[in-house]
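Numbering (my numbering), first residue to last: 242 to 825.
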Amino acid sequence: MKAITDILTQIVSRAFEDCGYDPSLGTVTVSDRMDLCQFQCNGAFAGAKLYKKAPFMIAGDVAERLRGNGVFKSAEVVKPGFLNLTLSDERLLAFMREIAADPNLGVPQAEKPETVIIDYGGPNVAKPLHIGHLRSAIIGEAIKRLARATGRTVYGDIHLGDWGLQIGLVIAELKERHPDWRCFADDYAGEPVPELDVDALSEIYPFASKKSKEDAAFKAAAQAATGELQSGRPGYIAVWKEIMRVSTADLKANYGRLGVDFDLWYGESDADKYEPELMRVLTEKGLLTESEGAKVVEVATDDDKAPMPPVIIKKSDNSSIYATTDLSTIIQRQKDYNPDKIWYVVDKRQSLHFTQIFRVARKAGLVRDDCELEFLGFGTMNGSDGHAYKTRDGGVMRLSDLLDSAEAAAAEKLSSSEFTEAGRRGETARRVGVAAIKFGDLINHRSKDYVFDMDKFLSFEGKTGTYLLYSVTRINSILKKVGADENAPLAAAEVYTDAERELMLAILLAGEAYKHGFEEKAPNYICESAYMLAAAFSKFYHDNHIAGETDEARRSAWIGLCALTKRVLLKHLDILSIEPVESM
RNA sequence: GCAUCCGUAGCUCAGCUGGAUAGAGCGUCAGACUCCGACUCUGAAGGCCGUGUGUUCGAAUCACAUCGGAUGCACCA
């Protein structure tokens with residue numbers, strides 16, 4: 242099913258055409274003035290210029306044409322030339338039924354098949370996840386699910402940092418501590434590496450990192466280890482695999498707790514094998530030049546307003562750098578998936594880097610010309626002081642600690658609940674805590690910094706994840722009470738109240754949110770829509786005593802509406818990767 | 001210094017491909033429960049949309065300037 246404004250635009254465009262006007266004037270938008278109408282078309286203003294005719298007259302012609310076609314309850318022309326449209330109740334109900342029967346529940350589908358790769362997450366192996374990884378995970382996951390809901394083939398790629406100096410540091414430190422390990426021996430012959438565990442890893446990396454700053458010899462050893470690993474020294478590869486095993490399991494557990502999962506667990510190491518090809522292509526196309534000892538690609542253009550530095554492909558010591566792996570990764574993705582779009586959900590401070598990468602990729606023809614490369618930068622999560630969120634002692638907070646505190650706060654909040662059975666409290670608290678964090682993040686436009694405030698996010702009042710989950714539980718209560726489920730049929734009512742119309746309209750407008758949210762890759766549209774729907778339901782719920790209604794026809798019409806509301810609300814939550822709870 | 005992004009209600013933020021009276025949440029104030037979960041709902045007050053100029057029939061939205069803030073500007077990722 243198409244978005245409602247697209248459906249109405251088609252109808253109104255035809256009316257413009259039938260009246261002898263350009264059909265492109267018939268664009269319909271959601272009304273700015275809900276007190277006057279549900280939808281509006283301002284095409285008559287542009288038409289006035291085109292036809293040298295008063296907009297009021299043009300709109301009048303079209304409105305006349307639109308009346309009586311059964312779609313609109315009213316099609317009115319106001320003042321200079323606004324065309325105000327309101328759907329008939331019959332048509333509104335028909336749309337409800339269309340949404341209910343739609344396998345995609347009203348999410349507008351892509352017109353042609355497309356493959357999208359979303360690069361998000363980006364954690365480093367051997368370092369624990371911290372809150373810096375939170376936004377990429379949350380936003381990336383939501384955009385991935387939104388793209389998938391619109392019928393596109395989507396791959397979420399975690400893009401692990403698994404091939405850089407951090408691994409060399411860990412290897413070098415392990416070697417100092419365990420010189421007797423066979424994997425460090427020159428005559429290593431494939432013996433198994435002793436098992437590591439997460440606690441050991443999370444202790445060893447910061448230790449080694451600190452040491453490398455104070456001890457030049459150790460730093461050199463770590464750099465050497467990195468180099469040897471990258472050139473394939475078998476013993477180092479074996480340790481690396483063990484580090485990967487432990488670290489990946491830990492990452493999966495942490496992301497799992499957040500409800501975030503990746504389709505592809507590729508890392509920089511997987512791109513490594515495409516590096517020779519990258520170098521070959523850049524050389525063949527004559528793009529590679531020498532600058533201050535490094536191999537670079539010039540990407541500046543004449544209309545750059547600011548100086549655009551060249552991209553370093555090989556450092557002066559001939560080693561690779563992040564641009565090298567990012568470009569190699571593009572080759573890998575092109576080969577394996579031939580994508581239509583590659584999106585990067587990365588901290589916005591990396592904007593310049595990706596501008597450069599994309600230019601090199603275009604110049605070198607690493608992807609199809611029509612492949613969209615887009616940088617979806619996100620802002621910083623700040624504390625109440627307006628600066629980057631920190632722990633009380635000023636350090637970077639671990640993601641698991643943040644989740645622990647969110648769950649604890651949620652559990653505290655739910656402790657007096659009489660609705661959740663004791664056995665489900667823990668899982669419910671996890672879901673409520675995570676929902677609060679995710680919604681609190683996603684409600685803000687992704688490119689902007691925002692203030693993290695757990696108390697606010699966890700409040701039952703206002704635009705919060707908690708409120709949305711609570712709304713679902715109220716619908717659950719009703720459905721349970723009347724013995725219905727979310728597939729209860731949509732019965733027609735004799736008459737509709739404003740609250741019912743507003744609820745149906747909120748359901749109908751969900752399609753607009755999916756459409757705009759996808760176009761702008763902005764999950765905040767979905768959040769806003771979810772809140773509008775929950776609020777419309779609250780009003781409806783407050784006005785009507787559904788379970789106790791004695792008029793059988795009204796009662797079943799209401800139950801059907803509750804059921805559809807639940808389904809659409811759950812769809813929103815699913816896209817936001819917020820897991821619902823049965824009760825709370 | 002140059003560039004990018006941001007500046008909207010007391011606070012936190014939407015809206016920005018130009019359209020009617022600029023929206024929401026919190027907070028404040030005033031109301032509403034014999035009832036499906038009141039952790040709810042209704043209403044009110046609160047804004048020269050940073051400032052100025054321009055484009056336009058029409059500007060929070062576009063352009064230019066200016067002030068303020070954040071960020072970035074090759075061998076870290």
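Glycine included, C-beta positions come from ideal geometry on N, C-alpha and C. Being a predicted model, the structure only gives us computed values, none of them experimental.
| Check | Outcome |
| --- | --- |
| How many Å lie between residue 712 and residue 804 at the Cα? | 12 Å |
| Starting from the N-terminal side, write out each stretch of the beta strand (DSSP E) that is 3 residues or longer and does not extend beyond the segment 533 to 578. | 535 to 538, 552 to 555 |
| Name, in chain order, the residues that DSSP records as bridge partners for residue 615. | 584 |
| With a threshold of 16 other CB atoms inside 10 Å of the CB of residue 717, please say whether the residue is buried or exposed. | buried |
| Rounded to whole angstroms, what's the CA-CA distance from residue 377 to residue 622? Just pull it up for me. | 11 Å |
| Of all the alpha helix (DSSP H) runs that stay within the bounds of the segment 448 to 484, which reach a length of 4 or more residues? | 457 to 471 |
| Which residue's Cα is closest to the Cα of residue 464: 475, 450, 476? | 450 |
| Suppose the cutoff is 6 Å on Cβ atoms and the five residues either side in sequence are ignored; what does the same chain contact list for residue 584 look like? | 359, 615, 617 |
| Does the pairing of the segment 426 to 442 with the segment 377 to 387 give three or more beta-carbon distances under 8 Å? | no |
| With C-beta atoms as the reference, is residue 333 less than 8 Å away from residue 340? | no |
| Indicate the three-state DSSP secondary structure (helix, strand or coil) for residue 735 in the structure shown. | coil |
| To test your reading of the DSSP string, which unbroken alpha helix (DSSP H) runs of 4 or more residues are found completely within the segment 662 to 697? | 666 to 683 |
| Can you tell me whether residue 701 is buried or exposed, with buried defined as 16 or more other CB within 10 angstroms of its CB? | exposed |
| When you compare the CB positions of residue 443 and residue 660, do they come within less than 8 Å of one another, or not? | no |
| Report buried or exposed for residue 191, applying the criterion of at least 16 other Cβ atoms within 10 angstroms of its Cβ. | As shown, the chain starts at 242 and ends at 825. That puts residue 191 outside it, with no answer to give. |
| Between the C-alpha atoms of residue 287 and residue 761, what's the straight-line distance to the nearest angstrom? | 26 Å |
| Nearest-angstrom Cα distance between residue 490 and residue 773? | 39 Å |
| Is the beta carbon of residue 362 sitting closer than 8 Å to the one on residue 371? | no |
| Residue 749 to residue 262, Cα distance in whole Å? | 29 Å |
| So what's residue 402 in DSSP terms, helix, strand or just coil? | strand |
| Let's see if you can read the secondary structure: which residues bound the beta strand (DSSP E) around residue 325? | 323 to 328 |
| I'd like to know whether the C-beta atoms of residue 508 and residue 404 end up nearer to each other than 8 Å. | yes |
| Helix, strand or coil, according to DSSP, for residue 742 in the structure here? | helix |
| Answer yes or no: do residue 648 and residue 681 have a C-beta to C-beta separation smaller than 8 Å? | no |
| Looking at residue 251 and residue 326, is the spacing between their C-beta atoms short of 8 Å? | no |
| Just list the residues that DSSP pairs residue 502 with in beta bridges. | Its beta-bridge partners do not exist; DSSP assigns none. |
| If you count every other CB in all the chains shown that lies within 10 Å of the CB of residue 669, and 16 or more means buried, which is it? | buried |
| Output the distance between the C-alpha atoms of residue 536 and residue 608, rounded to the nearest integer angstrom. | 22 Å |
| Buried or exposed for residue 703, please, with buried defined as at least 16 other CB atoms from any protein chain shown within 10 angstroms of its CB. | exposed |
| Go ahead and label residue 400 buried or exposed: buried means 16 or more other beta carbons lie within 10 angstroms of its beta carbon, across all protein chains shown. | buried |
| If we count Cβ pairs, one from each stretch, closer than 8 Å, do we get three or more for the segment 728 to 736 versus the segment 314 to 326? | no |
| Given that a residue counts as buried once 16 or more other Cβ atoms are within 10 Å of its Cβ, and exposed if not, what is residue 369? | buried |
| Return the first residue and the last residue of the beta strand (DSSP E) that residue 721 is part of. | Per DSSP, residue 721 belongs to no beta strand (DSSP E); it is in the alpha helix (DSSP H), 706 to 723. |
| Enumerate in chain order the residues of its own chain whose CB-to-CB distance from residue 710 is below 7 Å, with the five nearest sequence positions on each side excluded. | 673, 676, 821, 822, 825 |
| Taking DSSP as the reference, what is the three-state secondary structure of residue 729? | coil |
| Examine the Cβ distances between the segment 558 to 578 and the segment 540 to 550 and report whether three or more of them are shorter than 8 Å. | no |
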